[in-house]
Amino acid sequence: MDYYKLRVTKNRLMQFLVYLALFSALVPLFSILSEVIRRGFFTINFDFFTKPTPTVGEAGGGVANAIQGTLITIGFSSLIGVPIGLMSGIFLSEYGESKLSVAVRFLHDVLSGVPSIVIGVFAYALITRSIGFSVTAAAFALAIIMIPIVTRTTEEALKLVPMSIREAAIALGIPRWKTTITVVLSGAKKAIVTGILLSIARIAGESAPVLVSMGFWRWWFAGLDRPAANLALNVFIFAMSPFENWIALAWGSALVLILLVLGISVTARVFTRERY
Amino acid sequence: MKISQKISPFIRNLNIKSVSYLKNHFKGDDIFKLVSALFASSIFLLLGLMVYELVKGSWLSIQTFGLNFIVGTTWDPAISRIFGVLPLILGTLVTSAITLLIGVPISLGVGLALSEYAPKKFGVTVSFLVELLAAVPSVIYGLWGIFVLIPFLRDHVYPYLKAVFGFIPIFSGPIYGGGVLTGGIVLAIMIIPTVSAVMRDLFSAVPNSQREAMIALGATKWETVKTVISYARSGVIGAVILGLGRAVGETMAITMVIGNRFQVWPSSLFDAWYTMAAIIANELLEATYDLYISALINVGLVLLFVTLIINILARLIVWRALRLTMGIARE
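Protein sequence lines, in the order shown, are assigned to chains A and B. Quick note: the first sequence uses the working numbering, first residue 1, plus one each step. Quick note: the second sequence uses the working numbering, first residue 277, plus one each step.
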């Protein structure tokens, strides 16, 4: 009887601990969201979206240049990362298992485990050292972070397209490549777009590789061989600065960033809710 | 095999015009396959180039210091120009260990709560929230760490911790707010969404027959849950290593809260320290001469190797655990 009581007590204790763990995980996460919304909300006004970074001591100012710079950098890295990821995903899904596909899949796993700061150092060594701190270097680093994400989501999306659809297209005499592009890709369109969106959300929040390859820039975009301002990096630089105004802008930038990233994630989720 | 080859016995009987038509019709296939294979192979070039550039960039430092770079404990860019990264490696590993000590039990609890304990609707809603939070950029965790967590820990937690456990050396010493323990806590908060989401998926994938068998034997809920955990254990180990990899390479959040002081060993858990990723982020822009830059790129190379070793270890451990499970099943 005593042993039974011990088991029941242990059961209750563990149930308590499990809920305690859930509680202690949720409290800081809610705190992060509520603090960013609360402190960021008061920073956001018309100037915030229309004015560039204020000089030290200047009141007001905004992050318009950082939004511009972030969009340009993301656009440029998507131009490099999306085609490579898309084609790699097609290769992995449509051309069966081979030594090459096993190796490619393994290396994508390896690449997605490489810390983003190391990718930043790579871009620094390869590009920044020859052409200087620039949008090009940052876009290159962010594209490398994108590639494994786009590849994996594309491969998974294409594998969800039923084989019978491919067979039907081939039976009609349509060449394989046309089948892939017009039938398979368009069948998996939503899931692929979702994957690309998720990878964009990921690189929009990356600041470590941007810091070492492009550096901080407080003016407007001035060419691909020059740096540009960046939202995520602004959060870091502003937060570490001793100026009240900049710290307020850090919270505002954090709010914009969180809305962007969470907005993309929610959209992605709604997109993929209906599957085959 | 080429599709035009596959159907060639069939088209041989057709008139010559349609043969050439079909050959042209399917020509695109080989081109498209080649192009996609080339794109897919670019990963070899990319990773090869990465290792090559990092080795080339750190060559000056490797030549100058050799192995002393790994075991050296001096980092003096200003006067003697000697660089050694042992304290950074220790800082990275100890912070990651603290992260796992705090983060793994909580993630395990969250995974179990969402898959085994909580009512289904509640579980689905909370899982959704937790997964969204996994997408929050690390720099925002750092921002929150500086302005919310550090003041809270400094004023409300650390003084009590010191008062109660002060007789143990790791809980003595001055309290700054930022430091090793704070870094570990922030990283733990960061990895919890990712790791617990993986764990919940793992536990949900355990077949119900396992639970039913335990319940039929008269097991309590916890005894049933223990079976579920042990059924999924190789995956659980994989999830833990996933968290470890993230903690080791994390840069921004840790730079913002760990205090960034280069020393071999901190005086207590409240003391400031440094990690490999943080020193690159802090100093690469300010490095003024070639040897300094080379030393920082060398830190990046060491970091790359540490994370590669962790990834390979993870694979080996999961593989071994899988083999053991299958061995038990065979008996």
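For every residue, glycine included, the Cβ atom is placed at its ideal position computed from N, Cα and C.
C-beta atoms of residue i and residue j nearer than 8 Å
i	j	result
A:A66	A:A229	yes
A:I90	B:S356	no
B:M490	B:S414	no
A:W251	A:T53	no
A:F221	A:G69	yes
A:S134	A:P227	yes
B:W351	B:F359	yes
A:G187	A:I165	yes
B:I416	A:A254	yes
A:M284	B:A316	As shown, chain A starts at 1 and ends at 276. That puts residue 284 of chain A outside it, with no answer to give.
B:G455	B:S448	no
B:V533	B:G459	yes
A:I32	B:V582	no
A:I145	A:V212	no
B:L567	B:S337	yes
B:V471	B:Y507	no
B:I588	B:V575	no
Pick from the options that is closest to residue i, judged by C-alpha positions
i	options	result
A:T270	A:S207, A:F243, A:A191, A:S199	Here residue 270 of chain A turns out to be Val, not Thr, going by the sequence shown. If we check each option's Cα against that of A:V270, A:A191 comes out closest.
B:L384	B:S480, B:A548, B:N484	B:S480
A:P28	B:Y565, B:G379, B:D306	B:G379
A:V261	A:A201, A:I145, A:G69, A:S134	A:A201
A:I196	A:A138, A:F140, A:I147, A:K51	A:I147
B:L437	B:I422, B:V424, B:L457, B:G304	B:L457
B:T527	A:D225, A:K159, A:P115	A:P115
B:G387	B:P435, B:V524, B:I468, B:T496	B:I468
A:D180	B:K309, B:H301, B:N300	First, the amino acid is wrong: residue 180 of chain A is Thr here, not Asp. Of B:K309, B:H301, B:N300, the residue nearest in Cα terms is B:K309.
B:I569	A:L185, A:L20, A:V121	A:V121
B:I530	B:F546, B:F320, B:L390, B:T371	B:T371
B:A464	B:G519, B:D431, B:S506, B:L545	B:G519
A:S93	A:A157, A:I37, A:F49	A:A157
B:D431	B:G418, B:A508, B:L323, B:P450	B:P450
B:A523	B:R509, B:I461, B:K332	B:I461
B:L323	A:L172, A:S34, A:T9, A:H108	A:H108
A:T194	A:A204, A:V266, A:V184, A:W219	A:V266
B:A553	B:T564, B:F428, B:F546, B:L580	B:L580
A:L26	B:H301, B:L405, B:T500, B:L336	B:L405
A:L84	B:F320, B:A373, B:V347	Checking the sequence, you will find Ile at residue 84 of chain A rather than Leu. Comparing Cα-Cα distances from A:I84 to each of B:F320, B:A373, B:V347, the minimum goes to B:F320.
A:Y3	B:T496, B:F398, B:L369	B:T496
A:D225	A:G173, A:T128, A:T182	A:T128
A:T136	A:G223, A:F16, A:N245	A:G223
A:L71	A:L249, A:I203, A:I258, A:E244	A:I203
B:T548	B:V400, B:T368, B:A354	Per the sequence shown, the amino acid found at residue 548 of chain B is Ala instead of Thr. Among B:V400, B:T368, B:A354, the Cα nearest to that of B:A548 is on B:T368.
Between the CA atoms of residue j and residue i - distance to the nearest angstrom
i	j	result
B:L376	A:L6	30 Å
A:R152	A:L233	27 Å
B:L366	B:I573	18 Å
A:S101	B:Y452	51 Å
B:S334	B:L561	16 Å
B:I446	B:L425	20 Å
B:Q486	A:F41	49 Å
B:L364	B:V504	39 Å
A:L22	B:T349	41 Å
A:N45	A:V256	12 Å
B:Y328	B:S544	39 Å
A:I149	B:D477	20 Å
A:G57	B:L592	55 Å
A:V8	B:K396	24 Å
A:E155	B:V540	46 Å
B:A492	A:F30	40 Å
A:G62	A:I237	14 Å
B:G418	A:S207	11 Å
B:V501	B:P542	40 Å
A:M14	B:L409	26 Å
A:R12	B:V433	28 Å
Contacting residues, own chain, Cβ-Cβ under 7 Å from residue i (five flanking each side not counted)
i	result
B:A590	G514, I517
A:R275	Low per-residue confidence applies at A:R275: pLDDT is 45, beneath 50, and the placement is therefore not dependable enough to give any value.
B:F538	W351, P363, Y550
B:N484	none
A:K51	G60, G61, G62, A64
A:T73	V135, A138, A139, L142, A228, N230
Residues near residue i by beta carbon distance below 6 Å, same chain, minus five either side
i	result
A:V104	none
B:V474	A515
### Task
With 8 Å as the C-beta to C-beta threshold (strictly closer), list the residues of the stretch 328-344 of chain B near chain A in chain order.
Taking 8 Å as the Cβ-Cβ cut-off against chain A, the residues of the stretch 328-344 of chain B that qualify are E329, L330, K332, G333.
#### Entry: Near-chain B residues of the stretch 24-40 of chain A (beta-carbon distance less than 7 Å), N- to C-terminal order
S24, A25, P28, L29, S31, I32, E35, V36
### Near-chain A residues of the stretch 315-327 of chain B - C-beta to any C-beta below 8 Å
Listed in sequence order: F315, A316, S317, S318, I319, F320, L322, L323, L325, M326.
#### Entry: Near-chain B residues of the stretch 248-263 of chain A - C-beta to any C-beta below 8 Å
Against chain B - using a Cβ distance shorter than 8 Å - the residues of the stretch 248-263 of chain A are A250, W251, A254, L257, I258, V261, L262.
### Task
Anything in the stretch 42-65 of chain A with a Cβ closer than 7 Å to a Cβ of chain B? List those residues in chain order, please.
With the criterion set as a beta carbon lying under 7 Å from some beta carbon of chain B, the stretch 42-65 of chain A has no members that meet it.
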